[in-house]
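Visitor: Chains as they are written, first to last, in the numbering used here: chain A, 144 to 326; chain B, 184 to 320.
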Amino acid sequence: MTGIAHVADDGRTDAGLIAAWNEGDEGAARDLVRRHTPALARFLAGAGAQEDLDDLVQETFLRAFRRLASYRGDASFRTWLMAIGSNALKDAHRQRSRRVVLSLDGREVVGGADPQAEAERTEAEDRLARAVRRLSRMQRDVFLLRAQQGASYEDIAEALQTSVGAARVHYHHAVKRLKEVLA
Amino acid sequence: MTQTASERRLEELARGLGQRAAGRVDPDRTADAVVAALQRDGRRRGLGRWRAVAPLATAAAVMVMIGSAVVVGSLRQVPAATVAAAAPPELLDLGIAELGQVLDSLDAEAPVSEMTARGWYDLSEAELRELLTTLEG
Chain A
144 MTGIAHVADD
154 GRTDAGLIAA
164 WNEGDEGAAR
174 DLVRRHTPAL
184 ARFLAGAGAQ
194 EDLDDLVQET
204 FLRAFRRLAS
214 YRGDASFRTW
224 LMAIGSNALK
234 DAHRQRSRRV
244 VLSLDGREVV
254 GGADPQAEAE
264 RTEAEDRLAR
274 AVRRLSRMQR
284 DVFLLRAQQG
294 ASYEDIAEAL
304 QTSVGAARVH
314 YHHAVKRLKE
324 VLA
Chain B
184 MTQTASERRL
194 EELARGLGQR
204 AAGRVDPDRT
214 ADAVVAALQR
224 DGRRRGLGRW
234 RAVAPLATAA
244 AVMVMIGSAV
254 VVGSLRQVPA
264 ATVAAAAPPE
274 LLDLGIAELG
284 QVLDSLDAEA
294 PVSEMTARGW
304 YDLSEAELRE
314 LLTTLEG
């Protein structure tokens, strides 16, 4: 797994879109949002966002654009965006009154060749989702960025402001705990 | 580091995590909402910047007006101001030679009078003191 450089159909990189947005090109902002919304939404949903997912995705992008001047490009834009999303999610949870976070991301069974296998997979994903939400925030973010998003440890370390070694350790501990849950 | 089967299974499941929920988030609608909010931000920032700058601009304009008035006023009073600055406070203590030096140092257009028209060296000590006192304002 390596750092991910995202390039649009028109060949524009994230860095190019950011530069264009800084020049006042609203279309560039629109392209950045469109490009990263699905991955960000998956990350946030995996990290525990539920009915507030739409709002959290928007809030994350707004925070990112407002602090774009501080983005140095050390981490990929997507990984940096997810680190911001993790903060937004933490703030949202803090603001919200405590409640049981167990209803998972939709129960509809996706149509497939083998309904029973699909149901088992859904059940396993649900268990994993619950277990991921019980990890420490750092373990959860590292696990999702690595396993779900395919980010490199270097990229993760930059985005989460930790070392590569620490990111590896967090991932190792996360995997160990999750395997126990899924065993 | 080799991955065990359970780790591979874990990563496979992790890749699907949040997929269904994320599928309900429309990227186009999100882009519209984010850009609209950024536009509102920009308008607010523009207004905020003007609000922050307006008092400074007003203060600067007032300072320029006051400064201009002072400069114009001082230009009109150059002789008196220069004399006042140059003339010693106690002219009575000075001898005629010192009074002459003071007068020489006043590179200013003194009010034309019968006395100055003659040249200071023609004046008596009393007349010199009177002249300098006049220049002092």
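We treat Cβ as the ideally placed atom computed from N, Cα and C, and that holds for glycine.
It should be emphasised that the depicted structure is a prediction, and the values quoted were computed from it without experimental measurement.
(1) Name, please, each residue of chain D whose Cβ falls closer than 7 Å to the Cβ of glycine 199 of chain B.
(2) Quick check on glycine 249 of chain A: does DSSP put it in helix, strand or coil?
(3) For glycine 154 of chain A, which of helix, strand or coil comes out of DSSP?
(4) Flag this pair as touching only if the segment 211-218 of chain A and the segment 170-180 of chain A have three or more C-beta atom pairs under 8 Å; answer yes or no.
(5) Leaving out five residues on either side along the sequence, give the residues of the same chain with a beta carbon under 7 Å from the beta carbon of leucine 183 of chain A.
(6) Determine the extent of the alpha helix (DSSP H) in which valine 208 of chain B is found, giving its start and end residues.
(7) Helix, strand or coil, according to DSSP, for glutamine 202 of chain B in the structure here?
(8) Along chain B, which residues have their Cβ under 8 Å away from the Cβ of valine 200 of chain A?
(9) Which residues in chain B have a C-beta closer than 9 Å to the C-beta of leucine 303 of chain A? List them in chain order.
(10) With a threshold of 9 Å between beta carbons, is phenylalanine 220 of chain A in contact with chain B?
(11) If we ignore side chains and look at the alpha-carbon of each, how far apart do alanine 207 of chain A and asparagine 230 of chain A end up?
(12) Run through chain A and tell me which residues come within less than 8 Å of valine 218 of chain B, C-beta to C-beta.
(13) If you measure between the beta carbons of glycine 154 of chain A and alanine 163 of chain A, is that distance less than 9 Å?
(14) Is the beta carbon of leucine 411 of chain A sitting closer than 9 Å to the one on leucine 321 of chain A?
Guide: Concretely, from the data shown:
(1) No chain D is part of this structure, whose protein chains are labelled A and B.
(2) Residue confidence for glycine 249 of chain A is low, a pLDDT of 43 falling below 50, so the modelled location carries little weight; the figure read from the coordinates is stated next. In this structure, glycine 249 of chain A counts as coil in the three-state DSSP scheme.
(3) coil
(4) no
(5) Once the five neighbours on either side are set aside, the close Cβ partners of leucine 183 of chain A are Val200, Thr203, Leu224, Met225 and Gly228.
(6) That residue, valine 208 of chain B, is in no alpha helix (DSSP H); it is neither H nor E in DSSP.
(7) helix
(8) Val208 and Thr213
(9) Chain B residues near leucine 303 of chain A: none, gap ~17 Å exceeds 9 Å.
(10) no
(11) 11 Å
(12) Glu169, Ala172, Arg173 and Val176
(13) For the pair glycine 154 of chain A and alanine 163 of chain A, the CB atoms are not nearer than the 9 Å cut-off.
(14) Not covered by the structure: residue 411 of chain A. The range shown for chain A is 144 to 326.
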